[in-house]
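Numbered per the numbering used here, the sequence shown finishes at 804, counting up by one with no gaps.
For each residue, glycine too, the CB sits at the ideal point set by N, CA and C.
These numbers come from a predicted model, not from an experiment.
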Amino acid sequence: MSKILKWGLLAILALGLLIKVSLWLSVRAVMNDAIAQLAPVMDISYGSITSSFDGRVGLNKVEIRIPALHDSVRVASAELKFHGLGELLSFKERLAEGKFPEQLAISLKGLALDVHGPLMVQLYDQPAERSVLTAMSEVACGKVSSIGTSELLDMGYRTFETDAEFSYQFQPGAQRLSFRLVSTTRDMAEMRVGMTLANMSEKPGDLIVNPPRLALVTVEIDDNQYQRKVQDYCAGKLGQDRERYLQTALEKVDQVLRSQRIALDQPVLAAYAGYLKDPQSLRLELNPTEGMAWDGLEFFAAKDVLAMLRPVLSINQKQVEPLSFTWLDNKAHQQEDAAVEPRAAVTQAPVPDAHIEYVAVNELANYAGKRVQLITFDGQGYSGLLRKVDNGKVYLTLLGSGGSADISLRLDKVHQVRILF
Numbered sequence: 384m385s386k387i388l389k390w391g392l393l394a395i396l397a398l399g400l401l402i403k404v405s406l407w408l409s410v411r412a413v414m415n416d417a418i419a420q421l422a423p424v425m426d427i428s429y430g431s432i433t434s435s436f437d438g439r440v441g442l443n444k445v446e447i448r449i450p451a452l453h454d455s456v457r458v459a460s461a462e463l464k465f466h467g468l469g470e471l472l473s474f475k476e477r478l479a480e481g482k483f484p485e486q487l488a489i490s491l492k493g494l495a496l497d498v499h500g501p502l503m504v505q506l507y508d509q510p511a512e513r514s515v516l517t518a519m520s521e522v523a524c525g526k527v528s529s530i531g532t533s534e535l536l537d538m539g540y541r542t543f544e545t546d547a548e549f550s551y552q553f554q555p556g557a558q559r560l561s562f563r564l565v566s567t568t569r570d571m572a573e574m575r576v577g578m579t580l581a582n583m584s585e586k587p588g589d590l591i592v593n594p595p596r597l598a599l600v601t602v603e604i605d606d607n608q609y610q611r612k613v614q615d616y617c618a619g620k621l622g623q624d625r626e627r628y629l630q631t632a633l634e635k636v637d638q639v640l641r642s643q644r645i646a647l648d649q650p651v652l653a654a655y656a657g658y659l660k661d662p663q664s665l666r667l668e669l670n671p672t673e674g675m676a677w678d679g680l681e682f683f684a685a686k687d688v689l690a691m692l693r694p695v696l697s698i699n700q701k702q703v704e705p706l707s708f709t710w711l712d713n714k715a716h717q718q719e720d721a722a723v724e725p726r727a728a729v730t731q732a733p734v735p736d737a738h739i740e741y742v743a744v745n746e747l748a749n750y751a752g753k754r755v756q757l758i759t760f761d762g763q764g765y766s767g768l769l770r771k772v773d774n775g776k777v778y779l780t781l782l783g784s785g786g787s788a789d790i791s792l793r794l795d796k797v798h799q800v801r802i803l804f
């Protein structure tokens, strides 16, 4: 019996050693192939390969040099992490089958970039096009409206050092894919970004025909030391004390948003002023409704935009309520007027020239090319040109003075159909 146990233990150890050597050889082969493929544009070197039986393989002391830019990126350690050895071994198999792996995490420790280097110049010295998403990044800071590498150096930053982890979890049965990114940059902030996709096929080739739906987005910034440093730096540039500069910074954000036709209501501005004063934590969560068009929100009234996005905003662990804003031109009023007219026809006696016809939902496909208004069971209204009804979905083109936008929504969510002649 003791001999059986002895040889069994030796067999397990031998199998473990074989797996570990196999992992080491596989990682080395993959890296050598990647280094050869990327050699024309970058030089990659690393110190050692690591692997473990809990589903981790990695590299230490990675350096990526880009000769064309005369710059480099350094990573103390990089790891692929799986939920156990079985997931790691099935990773390549699912890729070979043309399917998304069910789980993957990439961890980077000690990712370092020199602030004065060309890569940082590319990232920071060319501001993105002004939009709602860039409102928080614009500053009132003397002659500059955005922080570049020169300002970062003046603020005392020499190297950006970041620990980051990107992970995703795919659930084939539920057709859901969840992404998560966590990054902590020394002397700056910790950021968490999450995203969930619904109706997600496990085969990448199916995504063109049947694209997934964005079901959830979360963005959280904690311990924003960078915000504090920017405020102190820019207050000095403008010759203002801290209290006066906080008001200046709030006015700047309001100005940028207004340039995008968005005027935040006073309670929201007051809450953001509290964040500027003490930037501990800011968290925004969006739960978009099905069929919502991200590039067509300007065609809806402000209250309907909020109803479709279903945002939740928390500042310093306190939820901001109510969330509200106003469009700064008459597009919202035009949308509201379009929604009011059909409702009036329901309560008033019909007149011969009303040019509104009510039809059953199952007859909607017969009116392709007509202007329609759809009312969903949750009370939302969509007015536009009906393109088609196909595979249980309704496809509309929303029309407005600023252009057009295409949307789709599920037919079983439509409660009422009005044909507008």
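L782 and F483 have their alpha carbons spaced roughly 37 Å apart. Between F543 and L496 a beta carbon distance of about 5 Å is seen, short of the 8 Å cut, so the two are scored as contacting.
In the DSSP secondary-structure assignment, Q554 is bridged to R559. In the DSSP assignment, E462 falls within the beta strand (DSSP E) that extends over D454 to K464.
Between the stretch 595-604 and the stretch 616-628 there are fewer than three C-beta pairs closer than 8 Å, too few to call the two in contact. Secondary structure of F474 (DSSP, three-state): helix. A direct Cα-Cα distance of roughly 15 Å separates Q756 from A788. Of the other Cβ atoms in all chains shown, 16 or more fall within 10 Å of the Cβ of A518; this residue is therefore buried. Taking a cut-off of 8 Å for Cβ pairs, the stretch 630-641 and the stretch 687-703 do not touch, as fewer than three such pairs fall below it. For A690, the enclosing alpha helix (DSSP H) starts and ends at A685 to L692.
Going by beta carbons, A547 and S520 fall outside the 8 Å limit.
Judged by their CB atoms, D661 and Q608 are not nearer to each other than the 8 Å cut-off. For a cut-off of 8 Å, the C-beta gap from A743 to L769 is around 14 Å, too long to register as a contact. With a cut-off of 8 Å on Cβ pairs, the stretch 492-507 is not in contact with the stretch 603-621, counting fewer than three such pairs. Annotated three-state conformation of S791 is strand, per DSSP. Distance between S455 and D426, taken at the CA atoms: about 9 Å. Across the structure, F708 and D687 are spaced so that their CA atoms are roughly 11 Å apart. The bridge partners DSSP lists for S490 are E462 and E548. Going by DSSP, S529 is part of the beta strand (DSSP E) stretching over V527 to S529. Taking a cut-off of 8 Å on C-beta distances, the stretch 645-659 does not touch the stretch 573-590, as fewer than three cross pairs fall below it. In the DSSP assignment, Q702 forms a beta bridge with S697. If the five residues before and after R457 are omitted, its C-beta is found closer than 6 Å to the C-beta atoms of E446 and A495, all from its own chain and listed in chain order. Looking at the DSSP output, R448 bridges to D426 and S455. A Cβ-Cβ contact shorter than 8 Å links L564 with V576. If you ignore the 5 residues before and after A511, its C-beta comes within less than 7 Å of the C-beta of T517, all in its own chain and listed in chain order. Counted as a single uninterrupted DSSP element, the beta strand (DSSP E) harbouring D773 occupies residues G764 to D773. With 16 or more other Cβ atoms inside 10 Å of its own Cβ, S460 counts as buried. DSSP places T759 in the uninterrupted beta strand (DSSP E) bounded by R754 to T759. In this model, S664 and Q702 are separated by some 11 Å (Cα to Cα).
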